[in-house]
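The sequence shown begins at 59 in the working numbering and counts up by one. Idealized CB from N, CA, C, for every residue including glycine. All values reported here derive from a predicted model rather than from experimental measurement.
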Amino acid sequence: MLNKQPSGDMRNVIRTINELPSDYSGHISVLLNDREPMVVARNMILLGILGKFNDVIAADIAVHFWYSAFIPMEYNSFVCFACMKMMEDFQEESSRLSAKLGDNACVMGKLSIQTREVLSAAVTASLLSQTEVADASKELNRIRFEPSRKDRHDRWYTRLLPSHRLAALEFRRFGLVLPFGAANNRFNTPNNFLFGPGPQWLQDDLANIYQYSMEAVIAAGQACGAKSEDLYGCLYFYLSGQLRSFAERLKRFHITFQLFDVDARNLSKDIQSGALAQCGVPKRTRFDHVDVSNIFDTEYVGIPNVLSDWAPLLNKKNPCATILGYSMNWVPKEPGAREPIDQRQIGRLAADLMARGKWHMLTDPTIMTCQTKYMTALYDNSVPWGNYLQKQGAEEAARKAGVKRKEKHTIVSHRIGAPLGASSSTLPLHPNEDSWYWGVQVSTSLLTERYLEFSRI
């Protein structure tokens, strides 16, 4: 049983199910929890689209529902239909949801009045065309070209090839995940699950392509005839393939999705008390995989609280059962997290970058400040990371919870780009120029993110 919270979006769940053997015959249970009503609503409707329509058309609708700021009018009708079918399956008196996704899959859960109101408002706005295209375009432009964000984008652009700067700019302007040059005149309806009332843009202003393995995205695009220069065309083909496969498996595999929209700490208590038994999550429920995303950060729940809440819910019968999460906000709290404190070590890293042709003595200093990420890619910050974990009491918290921190990871590597199973001190692996370009220059990850895996003692 897989537990994903906060669920953010479905990409990890989709990949996990797509990478199971095609003849898998077991039952899969996936619990998704996020306290943001719109996030939960989007995940629910995405499942409805993929589970209720033909695989090919469902995948194309889902790509644009998921990521495009505007969608074709006919796709808007499909989205509204999926919404209304889901709303029909709500039990108003108990706030419970129970809906079929084809013959073998279903979605269950308990959702707050806030999530149902968000869902209802988005459907109403879509049916009545309450959001004008011009107003939505103006709002998208306001967010993505807001003057205070200019430096953020320019720093990224300095690392990109000219063709990729153009692709990124086109996505900022129009918000469509389409091959470059593809007809877009049909995309004439604002996506009311990305725009709130007003309209108000609900997403981050930075391009979302960094969320995926760029090498996998480019390979998928090239297999369909797209060029590597067309970043969002490649992303379109990658997402389409993933979603088609997922939609097909939804119809064959026995999968139960359970959706909730509560605080992660309260959810743990509710499961252990049996309060969610009528929602398909009995008191005896145990998980093989608990993905807590970044709530390991002290700004959210923190490592000790996550472990005390969720370690008791790991499956004792599965020695591989794991709590997985990451920290991205540890860097400002720990000296030496992003780059060395020792000037001699900085000098050695700078010399290494020059030897690789990534830095040059004649480089404009204002450009060089945009490329400090290159130093992060070559810097082993495992010692500061260990110091941070010690200050957080991670080892003691794990001992009290009956789990241990894995030295050798089995699900994700200690840091982005490092080989799976390598030590915490292993650097991101970029064996050639293409790998470096996609993993360091194009990716907008900080490269300081650190992942943790805990298993039962």
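- By the neighbour-count criterion, in which a residue is buried when 16 or more other Cβ atoms sit within 10 angstroms of its Cβ, Ser-156 is exposed.
- Within the same chain, and ignoring the five residues on either side of Ser-303 in sequence, the residues whose Cβ sits closer than 6 Å to its Cβ are Asn-76.
- For Glu-511, the pairing in a beta bridge is given by DSSP as Leu-382.
- Under a 10 Å Cβ-count criterion, Ser-187 is classified as exposed, with fewer than 16 other Cβ atoms of the shown protein chains found around its own Cβ.
- Per DSSP, Met-412 is one residue of the alpha helix (DSSP H) stretching across 401 to 413.
- Between Ile-129 and the set Leu-236, Asn-61, Pro-477, the nearest pair of CA atoms involves Leu-236.
- Note on the segment 281 to 351: whole beta strand (DSSP E) runs with a minimum of 3 residues are 312 to 318, 347 to 349, in chain order.
- The Cβ atoms of Ala-476 and Leu-365 do not sit closer than 8 Å to each other.
- The segment 350 to 362 makes no contact with the segment 326 to 342: fewer than 3 CB pairs, one atom from each, lie closer than 8 Å.
- By the Cβ neighbour-count rule, Asn-112 is exposed, with fewer than 16 other Cβ atoms within 10 Å of its own.
- Fewer than three pairs of CB atoms, one per stretch, sit closer than 8 Å, so the segment 339 to 347 makes no contact with the segment 174 to 188.
- Its chain contains no residue whose beta carbon lies nearer than 6 Å to that of Glu-228 once the 5 sequence neighbours on both sides are disregarded.
- As summarised for the segment 60 to 111, the continuous beta strand (DSSP E) elements at least 3 residues long and confined to that stretch are 60 to 62, 85 to 91, given in chain order.
- Counting the other Cβ atoms within 10 Å of the Cβ of Arg-508 gives 16 or more, which makes it buried.
- Cβ contact annotation for Glu-273 (same chain, cutoff 6 Å, sequence separation greater than five): Trp-496, in chain order.
- Of the candidates Pro-255, Glu-306, Asp-400, Pro-255 places its Cα closest to the Cα of Ser-178.
- In this structure, the straight-line span from the alpha carbon of Phe-123 to that of Asp-410 is close to 44 Å.
- Taking C-beta separations shorter than 6 Å and ignoring five residues to either side along the sequence, the partners of Arg-230 in its chain run Arg-202, following chain order.
- Straight across, the Cα-Cα distance linking Arg-73 with Lys-168 is about 25 Å.
- Secondary structure within the segment 451 to 499: the beta strand (DSSP E) runs of 3 or more consecutive residues, fully enclosed, are 461 to 463 (chain order).
- At a Cβ-Cβ threshold of 8 Å, Asp-92 and Asp-319 count as neighbours.
- Counting C-beta pairs with one atom in each stretch, the segment 133 to 153 and the segment 303 to 316 have fewer than three that are closer than 8 Å, which means they do not touch.
- As the crow flies, the alpha-carbon of Asn-134 is around 7 Å from that of Ser-184.
- Bounds of the beta strand (DSSP E) holding Cys-164 are 163 to 168.
- In this structure, Ser-493 lies away from Ile-474, with their beta-carbon atoms at least 8 Å apart.
- Judged by beta-carbon spacing, Gly-299 lies beyond the 8 Å limit of Ser-351, meaning their Cβ atoms are not closer than that value.
- With contact defined as three or more Cβ pairs closer than 8 Å, the segment 240 to 258 and the segment 455 to 471 are not in contact.
- In the DSSP annotation of this structure, the continuous segment of the beta strand (DSSP E) that includes Lys-158 starts and ends at 154 to 159.
- Between His-347 and Leu-60, the gap from beta carbon to beta carbon is short of 8 Å.
- For Asn-363, the uninterrupted alpha helix (DSSP H) segment begins and ends at 361 to 368.
- By the neighbour-count criterion, in which 16 or more other beta carbons inside 10 Å mark a residue as buried, Asn-101 falls on the buried side.
- If you draw a straight line from the Cα of Cys-378 to the Cα of Arg-402, it comes to about 42 Å.
- For Pro-248, DSSP records a beta bridge to Phe-128.
- Sequence-distant partners of Ser-286 (beyond 5 residues in either direction) whose C-beta falls short of 6 Å from its own C-beta, in its chain, are Ile-276.
- Looking at the backbone, the Cα of Leu-308 and that of Leu-293 are separated by about 22 Å.
- Contact check for Lys-466 against Phe-512 fails: the beta carbons are separated by 8 Å or more.
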